[in-house]
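The sequence shown: position 27 = 26 (numbering that gives the first Met the number 0), numbered continuously.
Glycine included, every Cβ here is placed at the ideal spot set by N, Cα and C.
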Amino acid sequence: MEDTIHGSEPDWLEDTVFYEIYPQSFYDSNGDGIGDIQGIILKLDYIQSLGVKACWLDPCFESPFQDAGYDVSDYYKVAGRYGTNADLKRLFDEAGKRGIRILLDLVPGHTSVLHPWFIESCKPERNQYTDYYIWTDAHWKWEIPGFKLTSGYSQRDGCYVSNFFSFQPALNYGFANPDPDQAWQQSVDAPGPKQVRQELKNIMRYWLEMGASGFRVDIANSLVKADFGNRQTMQLWQEIRYWLDKDFPEARLVSEWSMPSHAIPAGFHMDFCLPFGMPGYTALFRKQYGPSPGTDRYGFNFFDPRGHGNIMEFLDEYLYHYRNTYGKGFISIPTGNHDINPRISKGRTTDELELVFLFLLTMPGVPFIYYGDEIGLRSFDLPSKEGGYERTGSRTPMQWSDAPNAGFSTANREQLYLPIDPSPDRPTVFKHESDPLSLLNRVRELVTIRKTFPALQASAHLDILYAQPGVYPLVYQRASAEEAYIIAINPSSQPVTARLPLQATAVPIRIYGPQDVFTMQDDRLVIHLPGISGGIYRLAK
Ligand code: GLC
Ligand code: CA
0 MEDTIHGSEP DWLEDTVFYE IYPQSFYDSN GDGIGDIQGI ILKLDYIQSL GVKACWLDPC
60 FESPFQDAGY DVSDYYKVAG RYGTNADLKR LFDEAGKRGI RILLDLVPGH TSVLHPWFIE
120 SCKPERNQYT DYYIWTDAHW KWEIPGFKLT SGYSQRDGCY VSNFFSFQPA LNYGFANPDP
180 DQAWQQSVDA PGPKQVRQEL KNIMRYWLEM GASGFRVDIA NSLVKADFGN RQTMQLWQEI
240 RYWLDKDFPE ARLVSEWSMP SHAIPAGFHM DFCLPFGMPG YTALFRKQYG PSPGTDRYGF
300 NFFDPRGHGN IMEFLDEYLY HYRNTYGKGF ISIPTGNHDI NPRISKGRTT DELELVFLFL
360 LTMPGVPFIY YGDEIGLRSF DLPSKEGGYE RTGSRTPMQW SDAPNAGFST ANREQLYLPI
420 DPSPDRPTVF KHESDPLSLL NRVRELVTIR KTFPALQASA HLDILYAQPG VYPLVYQRAS
480 AEEAYIIAIN PSSQPVTARL PLQATAVPIR IYGPQDVFTM QDDRLVIHLP GISGGIYRLA
540 K
């Protein structure tokens, strides 16, 4: 079984960079103030120009949008505001012509309260959907540690379990170890959980047959309840992966699990590095000195010119998962996503951002760029929209040109899904296109470099050559069977020196920032990096 699951090497992921599109905010093709699928189709040439080979679309299905579409009411239908199923199929086809694959967002753990399955499940009379959701057996049983319960919602005598917000009732995949005294806790192979599992495959099959190339899976670790150590949830995904490999061997799954040591053996091809499972991610780009001492976000991030960050906060955790999953699947580091505010651009110059992308695009695994991060789109503090709360400010429209609404939409300003950056110096694709030194063009060049050298791609081996707690720079090696590269990054504004465990010559492929210098010291290679600089070098033995 093990071998069948992991037997097939991921292939097209090897040199793929992903682009995450929040469909509400990408491009509005019909002037109603909200992005749509036809809008994405119209911007495919731009997406292709980035060099990315795949997109992940946040949920685009029927929904009351109490959580921006992560509350699905029909898994088989594109939401009217985005277009039709035929539009989505056209997107698959048009993207395919440009060598771009589309991953949809699969929300397997919960539905909207408006999903017809849930409406049926709410009824006191037993029916086909009674056991599609998790209900306690009495309406007053509303406080059970470890569960979010909602009581008094329906005439059914019970409380339902929700996964995230209260309007997101949890689908019933059963309990890992049902408590025999609690009859409402069903086992994973009870009829209800088995039907739900089948529904999940049906949904996946429907979109894969239409032309989707896989899924980003929302809170993938949430399915089986009271599943300490995630064993049963892992088994569930292994079963799905086994089926997927047979019927859709080209399809790829990326999980929102943030525990690669679980998600990869569970059958995911990739797992995201995200703050909730890998807090070291925050130490990389987003720890902010100032606002809230005592919280996870307090302190300095590594990519901060003051040079007080600690790369080991990220690396210790990352390397643990990297070693556990090496050769079996990938860790995906994103620039950010629709849940993370601030955006990566916050407080950084173009030169500083370039070093962030240098890191992102030379690390192993499959990198993800959140739409707009390639032009330094800014994030804001905005009132909540569609359950976004503090996340809302990193979901604003893409800025295309100098036209009204930055070319995002022809609607009146008040009608826009979210406001556009009001500042006159706001970044736009148009401005970045005409400047050879713009972030956009630097990102394009880095994507091209990654695509050119297999040793910089997903599975080539990573070795850390220099990383010390609270010290700069970071130097690592990426190597394939044929060649090896060194990547050195100094995000601090001070010049730094690192003695590398190498007796070799390094030939620069590309230098970022002021010129660096290599010397030899006791037969060892020493790199001297000026402030805010970095480089990629080929190792000549
Ligand atoms: C995931 C999504 C987030 C959503 C939540 C509930 O974390 O990324 O946007 O609110 O799941 O589905
Ligand atoms: Ca529209």
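For residue i, name the three-state secondary structure that DSSP assigns.
| i | result |
| --- | --- |
| Val428 | helix |
| Arg322 | helix |
| Ile39 | helix |
| Asp130 | helix |
| Asp522 | coil |
| Gln556 | Residue 556 lies beyond the range of the chain shown here (0 to 540); nothing can be said about it. |
| Ser161 | strand |
| Ser331 | strand |
| Phe25 | coil |
| Met269 | strand |
| Val16 | coil |
| Thr135 | coil |
| Thr281 | helix |
| Leu314 | helix |
| Lys193 | helix |
| Ile368 | strand |
| Glu61 | strand |
| Arg394 | coil |
| Lys96 | helix |
| Ala262 | helix |
| Asn300 | coil |
| Leu565 | Outside the shown range of the chain, which is 0 to 540, sits residue 565, and nothing can be said about it. |
Check whether the Cβ atoms of residue i and residue j sit closer than 8 Å, and answer yes or no.
| i | j | result |
| --- | --- | --- |
| Gln37 | Ser24 | no |
| Pro107 | Leu49 | no |
| Thr135 | Gly157 | yes |
| Met277 | Ser257 | yes |
| Gln476 | Ile485 | yes |
| Phe284 | Ile343 | yes |
| Lys541 | Asp14 | Outside the shown range of the chain, which is 0 to 540, sits residue 541, and nothing can be said about it. |
| Phe329 | Leu103 | no |
| Phe582 | Ile310 | What the structure shows of the chain is the stretch from 0 to 540, and residue 582 is not part of that stretch, so it cannot be assessed. |
| Ile332 | Gly364 | yes |
Any heavy atom of ligand 2 within a distance shorter than 7 Å of the CB on residue i?
| i | result |
| --- | --- |
| Asp570 | No information on residue 570 is available, as it lies outside the stretch 0 to 540 that the chain covers here. |
| Ile118 | no |
| Ile218 | no |
| Asn411 | no |
| Ser458 | no |
| Gly34 | yes |
| Asp31 | yes |
| Ser72 | no |
| Ser186 | no |
| Ser24 | no |
| Ser48 | no |
| Ser62 | no |
| Ser28 | yes |
Less than 7 Å separating the Cβ of residue i from some heavy atom of ligand 1?
| i | result |
| --- | --- |
| His337 | yes |
| Glu13 | no |
| Tyr159 | no |
| Glu255 | yes |
| Tyr69 | yes |
| Phe163 | yes |
Check the C-beta distance from residue i over to residue j and give it rounded, since I have them as a contact under 8 Å.
| i | j | result |
| --- | --- | --- |
| Pro494 | Leu528 | 7 Å |
| Ser72 | Pro63 | 6 Å |
| Tyr388 | Tyr21 | Not confirmed; about 15 Å, so no contact. |
| Ala219 | Ser254 | 4 Å |
| Leu252 | Val216 | 6 Å |
| Ala503 | Ala480 | At roughly 17 Å, the Cβ-Cβ gap does not stay under 8 Å, so Ala503 and Ala480 are not in contact. |
| Gly375 | Leu352 | 6 Å |
| Thr281 | Asp295 | 6 Å |
| Ile101 | Leu90 | 6 Å |
| Gly173 | Ala410 | Not really, about 46 Å apart at Cβ, beyond 8 Å. |
| Ile508 | Ile535 | 4 Å |
| Gly306 | Tyr471 | 6 Å |
| Lys88 | Met209 | 5 Å |
| Ala67 | Gly386 | 6 Å |
| Ile46 | Tyr18 | 6 Å |
Can we count residue i as close to ligand 3, meaning its CB is less than 7 Å from some heavy atom?
| i | result |
| --- | --- |
| Asp86 | In terms of ligand content, the structure shown lacks ligand 3 and carries ligand 1 and ligand 2 instead. |
Using a beta-carbon distance below 8 Å, is residue i in contact with chain C?
| i | result |
| --- | --- |
| Thr447 | In the structure shown, chain C does not exist; there is a single protein chain. |
Checklist entry - Looking at C-beta atoms only, is the number of pairs between the segment 253–270 and the segment 316–325 that lie closer than 8 Å three or more? => result yes
Next on the checklist: Within 8 Å, do at least three Cβ pairs link the segment 186–194 to the segment 152–164?
Outcome noted: no
Item to check | Three or more C-beta pairs below 8 Å linking the segment 343–361 and the segment 520–538 | outcome: yes
Item to check | the segment 219–230 touching the segment 285–296, judged by at least three CB pairs closer than 8 Å | outcome: no
Checklist entry - Looking at C-beta atoms only, is the number of pairs between the segment 503–518 and the segment 385–399 that lie closer than 8 Å three or more? => result no
Checklist entry - Do the segment 451–467 and the segment 434–443 touch if we need at least three Cβ pairs shorter than 8 Å? => result no
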